[in-house]
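Position one of the sequence shown corresponds to residue 13 (this note's numbering), numbered consecutively onward.
Beneath this line is the structure, given in structure tokens, with notes to follow.
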Amino acid sequence: MVVSSVIWVFYSILFHRNLYCRFWINPTKMSIDIFIRLQSGETVPFNDPHYGEIIEAASRTTKLLKKFNATTEIEQVRELWGEISGKPLHISTAIQIPFYINIGLFTSIGKNVYINNDCTFLDMGTITIEDDVLIGPKVSLITESHPLNPSERKALMVKPIVIKRNAWIGAGAIILPGVTVGENAVVAAGAVVSKDVPDNTIVGGIPAKIIKNIQE
Numbered sequence: 013m014v015v016s017s018v019i020w021v022f023y024s025i026l027f028h029r030n031l032y033c034r035f036w037i038n039p040t041k042m043s044i045d046i047f048i049r050l051q052s053g054e055t056v057p058f059n060d061p062h063y064g065e066i067i068e069a070a071s072r073t074t075k076l077l078k079k080f081n082a083t084t085e086i087e088q089v090r091e092l093w094g095e096i097s098g099k100p101l102h103i104s105t106a107i108q109i110p111f112y113i114n115i116g117l118f119t120s121i122g123k124n125v126y127i128n129n130d131c132t133f134l135d136m137g138t139i140t141i142e143d144d145v146l147i148g149p150k151v152s153l154i155t156e157s158h159p160l161n162p163s164e165r166k167a168l169m170v171k172p173i174v175i176k177r178n179a180w181i182g183a184g185a186i187i188l189p190g191v192t193v194g195e196n197a198v199v200a201a202g203a204v205v206s207k208d209v210p211d212n213t214i215v216g217g218i219p220a221k222i223i224k225n226i227q228e
């Protein structure tokens, strides 16, 4: 039992060290156990004794978002994003307000990224946006879901979203849990993407399907 505990602690530090660092630099006392469990593939029921940690983290972010969405000063936007995400926003990257995110600590945004207004990120499963990405208005990146079984539907499960370099997500598109949008790919406006998008392709529709390949 002791050996198992030691192995789990080592695993957590090794594979989630960035996550720990984000909380260490943040002046809160939130536990991150439930987020590690979720991101490791566990389905967490609503009555889990640690579920309140999610509500606490979301409440913290909601307070910061009120300030974030009320400012027009670029430097203050960058400062507040640092508080929300635990990481600086690169000078070449812009987030237009209003912008909505439920936790923030699990979103990573690269260089030369443009996120248009009224986007929504649910990031408990982690969102990675690589360099040179364009995200249109009213785009939703949703890493969180629930079991289909009605008796278990309040439980929470997550999968990561990755938007690779130079991808373009069109206005109103919805990216669902577990999706990777490939390098140089285009997601058409209004698409609902439930499967990975290959590099250098255009997808569209509900559910999104490949429309054509992109050629230089």
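The beta carbon of each residue, even a glycine, is placed where N, CA and C say it ideally should be.
| said: Here's the rule I'm using: 16 or more other beta-carbon atoms within 10 Å means buried, otherwise exposed. How should Pro39 be labelled? | reply: Low per-residue confidence applies at Pro39: pLDDT is 36, beneath 50, and the placement is therefore not dependable, though the value from the model is reported in the following sentence. By the neighbour-count rule (16 or more Cβ atoms within 10 Å), Pro39 is not buried but exposed.
Worksheet item: Straight-line CA distance for Ala185 to Asp60?
Response: 32 angstroms
Q | Contact under 8 angstroms by Cβ, Lys166 with Thr155 | A | no
Inspect the CB distances between the segment 145 to 165 and the segment 186 to 203 and report whether three or more fall short of 8 angstroms.
yes
### Alpha carbon of Asp130 to alpha carbon of Gln227, nearest angstrom
31 angstroms
**Asked** My guess is that Gly148 and Ile181 are in contact by the Cβ rule of under 8 angstroms, so how many angstroms apart are they, rounded?
**Response** 6 angstroms
message: By the three-class DSSP mapping on this structure, what secondary structure does Lys123 have?
response: coil
In the structure shown, what three-state DSSP assignment does Lys224 receive? strand
For the segment 76 to 89 and the segment 48 to 66, state whether three or more C-beta atom pairs, one from each stretch, are separated by less than 8 angstroms.
no
| message | Using CA atoms only, rank isn't needed, just tell me which of Ala70, Ser71, Ile223, Thr119 is closest to Trp3. | response | Residue 3 is absent from the structure shown; the chain starts at 13 and stops at 228.
Practice task
Could you give the DSSP three-state label for Thr132: helix, strand or coil?
Solution key: strand
- prompt: From Ile96 to Pro110, what distance separates their C-alpha atoms?
  reply: 15 angstroms
Note to self: What does the alpha-carbon distance come out to for the pair Ala179 and Leu146?
What the structure shows: 6 angstroms
| query | Helix or strand or just coil, what does DSSP make of Gly184? | reply | coil
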